[in-house]
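Okay, so here's the structure we're looking at.
Numbering (the numbering used here), first residue to last: -10 to 704.
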């Protein structure tokens, strides 16, 4: 389906939820990125999944039971992030946040849900009108245990960063709002105590809160269009996603209601599991989109977008999606008993499994018709060719398997970081996408020998290529295959001493199941779609497989091919035919160094090397640089024939190539610079300078004033 078709179908099940309530001290907007506060009242908004009665072929039994227990006979509900309503719970429930089947809001708090006009069933002549508000009430707040466990697994590994702030849940823009609120209420001791309690939320409570869903009962929609929503069966890295949400919705529903954003599945948790309980999404989202429904390329429901995982003190956000499968699994019979009611009216013990079976059967039928949900085999092969590389007890990065004998391509700065402290004259710096482990993580990281192996590993001679590396550092490589992860030791084969940041490792024991990368030596053009696969952000202890992000090639940096030879001679500026650097918009984070850049066919077009970063030190994820495969032909040739002498070419110095990778624009001989002034022009310019200065010193008073402010010399 085209994106426009998916968006049109998805909007029928998308809504915006708004809550308004008394807030005389202006405290309800804490941990929220935006709000409205007027006359002692605060308004918050989020996105929601709209589920009219009958929209789902097999709804979770919990939904019907909640509606029955709360006297909501209409059965039309909306699901959203519980973070929207939690600030307006009564004090007893707000002080100990958790799932609630009898939630109570503070007096005078009101909830409304905004839906598309055609969902009201009163469209005329096929024309749609403006969206309408429907009154709603809070029925329950329910946890998704498996999703919370996955979030917890990410939060508890925040100690894998040295000198980095920990992970939290929520939008990065909420930090600024939080600071403003704290400034406004600093004079109130009680308010300060409340703020402290917010900051001291335990990691487990934070994980549960991040995946908690609020069930809202809405007034009858009375739609004449009995639309049904199909459910996606499972997702893989690289699968396309579309989310419908209302960023900053309450600020202007006219502008922001039910906006569309597209992206892809970046990773699935738990790692190597058959069914996912949490998805990490490479998708651009904004505050207010939490709670929005997420769809796949067949317009099947994938799940709900929740508040993102974010790094404190930075703008890095990881978008989280709770799959519908995890929601249905988590809302089990035990939850039904907690709601109350006559036990004889409860569904039989196998109802949940029957629901799953029916729903899976229904989804499978859809997937057989349109095989979108499974990633193209070429992309899957490229993903499986990316490995995690750890060096000693200090750092990790990514690597690419080049051949069946276990040769791995990675970056030289992972092994010799002291050789790559590069800063451009303009102040823009390159930041290597490698990461460092702290002592706590080092002790618990115990790489193991690979159990499934053969004896095909190549035994390389100790030569001039690996004399520069400290041999006592242990190098380990982790492969991710199907349902298991395997660790193998590795040794250094080659570290480039030239301008290209590349190195080669050899796995000591080679697994039987070894997927290799397929290179594409034809350089992609600007605007081409690309994917980045690497182990960014989360270290070895997280157990995460490689993550995927998507973008386009924004720039291909080329130089004359003759500059790569060592022949002297004049080069014409129009012979710019050798690609030496690819700039992309795909997100690259620390740890992705040595990862692969692939095209839409799953062919490698480059190796991830570095990010740009601000002068203050923060990296720019969507401005990154890769070495194109065209510049790595020597590496691939060595991979085929294994002749070490071939690699000597990469050790030769090249000032032009070095200046390109140093981001030094002024040193490039291929850019027309303004002509230098002649000697006579310089003399005239200096004379004019003296003349101007003399004109300003018309009296001895001016001269005394000049010397008055003169800084004494220390020479």
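Glycine included, C-beta positions come from ideal geometry on N, C-alpha and C.
Would you kindly work out how many angstroms separate the C-alpha atoms of residue i and residue j, rounded to a whole number?
i           : j           : result
residue 92  : residue 123 : 20 angstroms
residue 495 : residue 407 : 22 angstroms
residue 433 : residue 531 : Because residue 433 sits at a pLDDT of 36, beneath the cut-off of 50, its placement in the model cannot be relied upon, and the point is left open.
residue 283 : residue 35  : 14 angstroms
residue 258 : residue 315 : 11 angstroms
residue 398 : residue 639 : 14 angstroms
residue 8   : residue 47  : 29 angstroms
residue 599 : residue 573 : 11 angstroms
residue 706 : residue 274 : Here the chain comprises residues numbered -10 to 704, so residue 706 is not present and cannot be evaluated.
residue 553 : residue -2  : 53 angstroms
residue 231 : residue 499 : 40 angstroms
residue 548 : residue 272 : 34 angstroms
residue 138 : residue 317 : 16 angstroms
residue 648 : residue 624 : 22 angstroms
residue 43  : residue 392 : 53 angstroms
residue 87  : residue 313 : 21 angstroms
residue 2   : residue 26  : 29 angstroms
residue 255 : residue 50  : 31 angstroms
residue 520 : residue 585 : 8 angstroms
residue 482 : residue 473 : 27 angstroms
Determine which residues share a DSSP beta bridge with residue i and list them.
i           : result
residue 479 : 464, 496
residue 207 : 125
residue 520 : 539, 587
residue 89  : 130
residue 470 : 473
residue 248 : 234
residue 547 : 568
residue 368 : DSSP output for residue 368 lists no bridge partner at all.
residue 506 : DSSP output for residue 506 lists no bridge partner at all.
residue 595 : 617
residue 284 : 231, 290
Using the beta-carbon count (16 or more within 10 Å), is residue i buried or exposed?
i           : result
residue 13  : exposed
residue 566 : exposed
residue 17  : buried
residue 511 : exposed
residue 5   : buried
residue 61  : buried
residue 85  : exposed
residue 131 : buried
residue 129 : buried
residue 616 : buried
residue 19  : buried
residue 540 : buried
residue 28  : exposed
residue 243 : exposed
Could you check what DSSP says for residue i in three-state terms: helix, strand or coil?
i           : result
residue 26  : strand
residue 12  : coil
residue 486 : coil
residue 183 : Model confidence at residue 183 stands at a pLDDT of 45, short of 50, so the residue's coordinates are unreliable and nothing is read from them.
residue 194 : helix
residue 243 : helix
residue 610 : strand
residue 59  : coil
residue 84  : helix
residue 319 : helix
residue 160 : coil
residue -7  : helix
residue 577 : coil
residue 552 : helix
residue 221 : coil
residue 153 : Confidence is the limiting factor: at residue 153 the pLDDT is only 45, short of 50, which leaves the residue's position unreliable and the question unanswerable from this model.
residue 54  : helix
Just to check my reading of the structure: residue i and residue j have Cβ atoms closer than 8 angstroms, yes? What is that Cβ distance to the nearest angstrom?
i           : j           : result
residue 401 : residue 522 : At roughly 20 angstroms, the Cβ-Cβ gap does not stay under 8 angstroms, so residue 401 and residue 522 are not in contact.
residue 293 : residue 311 : 5 angstroms
residue 727 : residue 234 : Outside the shown range of the chain (-10 to 704) lies residue 727, about which nothing can therefore be said.
residue 466 : residue 477 : 5 angstroms
residue 246 : residue 23  : With a Cβ gap of about 15 angstroms, residue 246 and residue 23 do not count as contacting.
residue 503 : residue 395 : 7 angstroms
residue 484 : residue 382 : With 8 angstroms as the limit, residue 484 and residue 382 do not qualify as a contact, their Cβ atoms being about 20 angstroms apart.
residue 717 : residue 516 : Absent from the structure is residue 717, since the part of the chain shown begins at -10 and ends at 704.
residue 577 : residue 528 : So it is not a contact: roughly 16 angstroms between Cβ atoms.
residue 70  : residue 280 : 4 angstroms
Say whether chain B places a C-beta atom closer than 8 angstroms to the C-beta of residue i.
i           : result
residue 138 : Looking for chain B here will not work: only one protein chain is present.
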